[in-house]
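Trainee:
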Amino acid sequence: MPWGAPVPASGPGVYLVSANRDPDDADSEPAQRVGVSPAAVGELLTNCPRLRLDGIQPAASALMRRLEAMRPAGEPVLYIGLAGSSLSARVGQYHRTPLGAAKPHAGGWPLKCLGGLDQLWVHFALCGAVKTVERTMLRLFCEQVDERTASVMADPTAPLPFANLEYFTREGRRVRKQHGIAGASTRSR
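Start counting the sequence shown at 2; every next residue gets the next number (this note's numbering).
1. To the nearest angstrom, how far is the alpha carbon of P3 from that of Q58?
2. Would you kindly check if the distance between the Cβ of A10 and the Cβ of L127 is under 8 Å?
3. Using only alpha-carbon positions, find the residue among G43, Q179, E172 and E167 that is nearest to Y80.
4. Taking buried to mean at least 16 other C-beta atoms within 10 Å of its own C-beta, is E144 buried or exposed?
5. Please classify A20: is it buried, with 16 or more other beta-carbons within 10 angstroms of its beta-carbon, or exposed?
6. Counting pairs of beta carbons, one from the stretch 176-184 and one from the stretch 64-77, are three or more of them closer than 8 Å?
7. Assign R91 to one of two classes, buried (16 or more other C-beta atoms within 10 Å of its C-beta) or exposed (fewer than that).
8. In terms of alpha-carbon separation, which member of G184, Y95 and S86 lies closest to V123?
9. Answer yes if the stretch 110-125 comes into contact with the stretch 170-177, meaning at least three C-beta pairs across the two stretches below 8 Å, and no otherwise.
10. Is the separation between the beta-carbon of P157 and that of A151 shorter than 8 Å?
11. Please state whether DSSP places W122 in a helix, a strand or coil.
12. Evaluate P61 with the Cβ neighbour count: other Cβ atoms within 10 Å of its Cβ, from every protein chain shown; 16 or more gives buried, anything less gives exposed.
13. In this structure, how does DSSP classify A32 when only helix, strand and coil are distinguished?
14. Determine the extent of the alpha helix (DSSP H) in which F163 is found, giving its start and end residues.
15. Please report the distance separating the alpha-carbon of S89 from that of L52.
16. Measure the C-alpha to C-alpha separation of V78 and F142 and round it to an integer number of angstroms.
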């Protein structure tokens, strides 16, 4: 489904946001189509005046560079998420959550810092055991990012999709992306 369109699935499941319309398309270069937007970064800094990068108030250009370093080069998958009750409702919340807002879907906020959101696609699947499926998808994603690509990312130890901020290892340990950005939502911290 195009980003912003309602997902026609009311049951639980998983979804991913991609720069590619076809989930099997490995030939196009998504990085050329969708990048960090200076306007969106400015909006985030305005909406979240307490935002910090490595403990200091950042210039927009520094925040843009850090956000760009959170994305595995050339990777079309930008976010993997789950919906415990309704894919349609959860993805709709993601669409409607303003940049920097804590509710209703604060997770995956970096996605809203991209320009060309209207060029993104939401791929989804109804399933049970959504936490297990999402965790498996994230783990498999991290495992397929090659070492050279991971080495230039903001956190080489957590080569997650661009807008995902944490995952669980096979052993159940939570791994958070060490991106150095704090205060990127209006929630109390």
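Idealized CB from N, CA, C, for every residue including glycine.
Only a predicted model underlies this, so the values are computations on that prediction, with no experimental measurement involved.
Mentor: This is what the structure holds:
1. Cα atoms of P3 and Q58: separation of roughly 35 Å, rounded to the nearest angstrom.
2. yes
3. E167
4. exposed
5. buried
6. Yes, since at least three Cβ pairs between the stretch 176-184 and the stretch 64-77 fall closer than 8 Å, the two stretches touch.
7. Answer is buried; the Cβ neighbour count reaches 16.
8. Y95
9. Taking a cut-off of 8 Å for Cβ pairs, the stretch 170-177 and the stretch 110-125 do not touch, as fewer than three such pairs fall below it.
10. yes
11. Strand at W122.
12. Correcting the residue type first, residue 61 is Ala in the shown sequence and not Pro. Burial check for A61: the Cβ neighbour count within 10 Å stays below 16, so the residue is exposed.
13. Unreliable positioning characterises A32 in this predicted model, as indicated by a pLDDT of 48, which lies under 50. The coordinate reading is nonetheless provided below. Helix at A32.
14. F163 -> no alpha helix (DSSP H), and no H or E assigned at all.
15. 31 Å
16. 9 Å
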